[in-house]
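Just so we're aligned: the sequence shown equals residues -16 to -1, 1 to 183 in mature numbering (1 follows the signal peptide of the UniProt record, and there is no 0).
All residues carry an ideal CB built from backbone N, CA and C; glycine is no exception.
Computed from a prediction, not measured in an experiment: that's the story for all the values here.
This report concerns only the one structure given below.
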Amino acid sequence: MKVSFLTTLFLAVALALETPVLERRAHAGTLRKFNGAAPPPRAAKVPSSAPAGYKTSVATANVKLSTDSLTPATLRRREDQVETRQVSASDFFECYNANPAPRPQDCDVIVDQVSSSNDLLIVSASSCLVFSFGTCQAFFCSLCTTLTTDTNFIADQLDIVDALCVEGGQTGSIVGEDAPQWDAGFTYAGAGLPFYDVC
């Protein structure tokens, strides 16, 4: 009995020591409607440690998609971290087959750079923040009204789309249908930016 107990205890301790500690991002992201006159649009900051080829810009969404194929979003565990943002009941996602598809490694670089930029942003209605690296293009668009957000919130949304779509060889979007409405996701570099009519 003692040998069995000691063996079990030893295995439990060994397993606990072998299990890697999961990284957690700081998830202090915010999103809210902006009240007042919107300033001229500006792109998100590029971190000083960003790799060559990482770019940010402002654009307008130009590919209208139907909300009929949106699926309620659920979190899935990524290999190297656990998502700590709670998905709202009104968050929906859609993955699309893309040929060519962006390289997941390029999209991971974007998520990391957006997260590390620590920027507070105002996004005008119907405009998008665009983040580009290699074969991957990420976007965060305000769909109905001017909103204020930060890059932590944007990185959280992109991380979810990365886990749900990009890691499976697809592109995709996540849509927040509660005010202020927004969408975020990934396309192949240079592709049009999708938007949904949820206003």
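Unbroken alpha helix (DSSP H) run spanning residue i, endpoints
i: S99; result: P88 to S100
9 Å Cβ cutoff met for residue i and residue j
i: P25; j: I158; result: no
i: K39; j: D103; result: no
i: G176; j: G156; result: no
i: F124; j: L142; result: yes
i: Q89; j: P31; result: no
i: S99; j: S33; result: no
i: A27; j: Y172; result: no
According to DSSP, residues forming a beta bridge with residue i
i: I106; result: T132
i: L177; result: None; L177 has no bridge partner.
i: I158; result: F77 and A168
i: L113; result: V42 and F124
i: P56; result: F76
Same chain, Cβ closer than 8 Å to residue i, five either side skipped, listed in chain order
i: V182; result: T51, L127, C128, V159, E161 and Q165
i: T55; result: F76, F77 and E78
i: G174; result: Q121
Spatial neighbours of residue i in its chain, beta-carbon cut-off 7 Å, leaving aside the 5 residues before and after
i: Y80; result: Q154, T155 and G156
i: T44; result: S110, S111 and C112
i: A(-1); result: Low confidence applies here, because A(-1) scores a pLDDT of 37, under 50, leaving its location unreliable; read the following figure in that light. Counting only Cβ-Cβ distances below 7 Å, and skipping sequence neighbours, we find nothing.
i: A73; result: With a pLDDT of 44 at A73, under the threshold of 50, the modelled position of this residue cannot be trusted, and the question is left open.
Extent of the continuous beta strand (DSSP E) run through residue i
i: E78; result: D75 to N81
i: A122; result: C120 to S126
i: V47; result: V47 to L49
Beta-carbon proximity list for residue i, same chain, < 6 Å, skipping 5 on both sides
i: P178; result: V47, L49 and S157
i: V93; result: F117
i: A85; result: G153
i: A122; result: I94, F115, L142 and F170
Of the residues the options, the one placed nearest residue i, counting alpha carbons only
i: L131; options: D167, C149 and V150; result: D167
i: P23; options: A36, S108, V150 and P35; result: S108
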